[in-house]
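Okay, structure first, notes after.
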Amino acid sequence: MPDLGLDVLFKGINMQRLLGGLWVSLRISLIAIAISIFLGLVVGWLMTRKNIVIKAVTRVYLEIVRIMPQMVLLFIVFFGTTRLFGWNIDAELSSVIVFSFWGVAEMSDLVRSALISIPKHQYESAYALGMSEGQTYLSVIIPQTFRRLIPLAINLITRMIKTTSLVMMIGVVEVLKVGQQIIEANRKASPNAAFGVYLTVFVLYFIVCWPISMFSKRLEKKWS
Amino acid sequence: MKKIIRKIAAITLAAVVAAALLAGYAFAADDVVYRTVDEIKESGTINIGVFSDKSPFGYVDEYGEYQGYDVYFAQRLAQDLGVEINYISTEAANRIEYLQTGKVDVILANFTVTEERAQEVDFALPYMNVALGIVSHDDRVIRDLSEIGADDRIIVISGTTAETYLVKNYPDILLQKFDTYAAAKSAFENGTGVCWANDNTEVIAFAIENEGYTVGIESLGSADTIAPAVTKGNESLLNWLNDEIKALGEEKFFHADYEATLAETYGLDYEDTLVVEGGVVAAAE
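If you read the protein sequences in the order shown, they are chains A and B.
Under numbering that gives the first Met the number 0, residues 0 to 223 are what the first sequence spells out, in order.
Under numbering that gives the first Met the number 0, residues 0 to 284 are what the second sequence spells out, in order.
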């Protein structure tokens, strides 16, 4: 059997360090995802309103997120706020802020598109049945919106988890960075460590993301 | 048409806001962001930026502890200041940013002194040399670039200082360029090129790890140095560091550092080539 360089995982507390790094990635992304889902629903609903000011503001917000690479946003929040205002935002908090800023924008756009994809006659039929606006949303529109939203939202969530590898640029040591540290520390002793370590990181990401997409499949099936 | 105009307007506005953010970011007022020696001592902790994945200079061992040539020095600094160390894992691309925002007090991350960088940060006295080196096969050791024949090729990795240096100073020498270290290594091992030019630490490590190769030229081109860096204007810490480096020279501290951290990779033969003691760079040979 070829040397896959897996031995480095059992040296010292390396496996524990990798799992610790994974927890850092997850901590950042899960908090940001929770914020994104909650605020994304609110902002997405606001986007469908006819108010021109709200429309303009949300539009500009969305375009900013689309234009700016996440890396630039991380640098602005972590280093930029120190330069401009002298704030010293903790690196992990900066990451949560940036990932939420990004997540809310994308999520709200998904919510908006899901909401406007519901045909007008659904609203009209509900009103014709004598339902109030609240009842219409709760029992007719929202369930249909959710069904359309789930696959798109899951895509966003897994993307957010994987993109946390960028936070190493502001000094947060997450799973991929720990992996690189292990590879480099063993460059001489196990030259094949890169393969084994990246394989492990891949498996770890998979273990996290796969149940999420399984869960979404189940929801989709249940609601169709 | 109206829709398109509106869309263009939104994108333009967003771009303007984004540009304003970036501009504000670049032209921010320079307040004092750094901490003086007294402030560091008072807080009881020094923030030191090191590499966490550049063995053997700055890396993390299998127990999660920072190790390496830079870290050995960092530990001594903290000990002499009487403070604890808070290590910050830096990347090559964010070292200057960390200093300019005062998020670290000192960078000890294999930081090569260059003129451009010296505009942005203040370098203390150097503690290590870097130069280019050339490794050849044992059966034909190149000890001087004049030995390179008209048809001989030197292997270089694209984008490295070795490539830039040779192209600029020896335009007549043929180069065989590779994109990655691994490709250059296997080509060299298989007999492509008479020798391989790279950072001297790299070629020395290669010759030690692999049988049948000799570093014929240990130090070539502009000899650069590695030094600690502090935030621009932090005279207090800069002076303290310079005095400390001079004082450490008397006890041959960096030789001890080399023997503890680098000797395993580079062997003892290159100690005087790589180490700078007391901040004094020996005159070029």
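Positions of the beta carbon are idealized from the N, C-alpha and C atoms, including for glycine.
Predicted model, so just to flag it, every value in this text is computed and none were measured.
Practice prompt. Let me know the alpha helix (DSSP H) ranges lying completely inside the stretch 47–111 of chain A, each 4 residues or longer, listed in chain order.
Written response: 51–66, 69–74, 80–84
Practice prompt. Could you check what DSSP says for B/T113 in three-state terms: helix, strand or coil?
Written response: coil
Worksheet item: If you measure from the beta carbon of B/D268 to each beta carbon in chain A, is any gap under 8 Å?
Response: no
Worksheet item: Using Cβ-Cβ distances below 7 Å, what residues of the stretch 124–156 of chain A are close to chain B?
Response: none
Worksheet item: Going by the CB atoms, is the gap between B/I147 and B/L219 shorter than 8 Å?
Response: no
Worksheet item: B/L76 lies in the alpha helix (DSSP H); which residues open and close that run?
Response: 68–80
Worksheet item: Per the contact definition of three or more C-beta pairs closer than 8 Å, is the stretch 141–152 of chain A in contact with the stretch 107–114 of chain A?
Response: yes
Worksheet entry | Interface positions of the stretch 55–71 of chain B facing chain A (Cβ-Cβ less than 7 Å), listed along the chain | Y58, V59, D60, E61, Y62, G63
Discussion item. Please confirm whether B/L12 has its beta-carbon closer than 8 Å to some beta-carbon of chain A.
Written reply: yes
Worksheet entry | Per-residue contacts from B/D52 into chain A (C-beta, under 7 Å) | Q179, Q180, E183
Fill in: Simplified DSSP state of B/Y202, which is helix, strand or coil
The sequence given here has Val at residue 202 of chain B, not Tyr. Helix.
Worksheet item: Of all the residues that make up the stretch 145–165 of chain B, which are near chain A by a beta-carbon distance shorter than 9 Å?
Response: none
Item to complete: Mind the definition here: the stretch 79–98 of chain A touches the stretch 164–171 of chain A only if three or more C-beta pairs lie below 8 Å; say whether that holds.
Response: yes
Worksheet item: Alpha carbon to alpha carbon, how far is B/T100 from A/S124?
Response: 59 Å
Fill in: Residue span of the alpha helix (DSSP H) that contains A/V196, given as start and end
192–222
Worksheet item: What is the DSSP secondary structure of B/A304, counted as helix, strand or coil?
Response: The first residue shown for chain B is 0 and the last is 284, placing residue 304 of chain B beyond what the model contains.
Worksheet entry | B/T230 at chain A interface by Cβ criterion, 8 Å | no
Worksheet entry | As assigned by DSSP and simplified to three states, the class of B/F252 | helix
Practice prompt. Evaluate B/Q66 with the Cβ neighbour count: other Cβ atoms within 10 Å of its Cβ, from every protein chain shown; 16 or more gives buried, anything less gives exposed.
Written response: buried
Worksheet entry | Reduced DSSP category for B/Y126 - H, G, I as helix; E, B as strand; rest coil | coil
Fill in: C-alpha gap between A/E183 and A/V196, whole angstroms
11 Å
Worksheet entry | N- and C-terminal bounds of the beta strand (DSSP E) containing B/D223 | 212–225
Discussion item. Rounded to the nearest angstrom, what separates A/Q179 and A/P190 at their Cα positions?
Written reply: 13 Å
Worksheet entry | Alpha-carbon to alpha-carbon, B/I7 and A/I211 | 37 Å
Worksheet entry | Endpoints, beta strand (DSSP E) assigned at B/F50 | 44–50
Worksheet item: Relative to the ligand SAH, is the shortest distance from any of its heavy atoms to the C-beta of A/A104 smaller than 7 Å?
Response: Because no ligand of any kind appears in the structure shown, any question about the ligand SAH cannot be addressed here.
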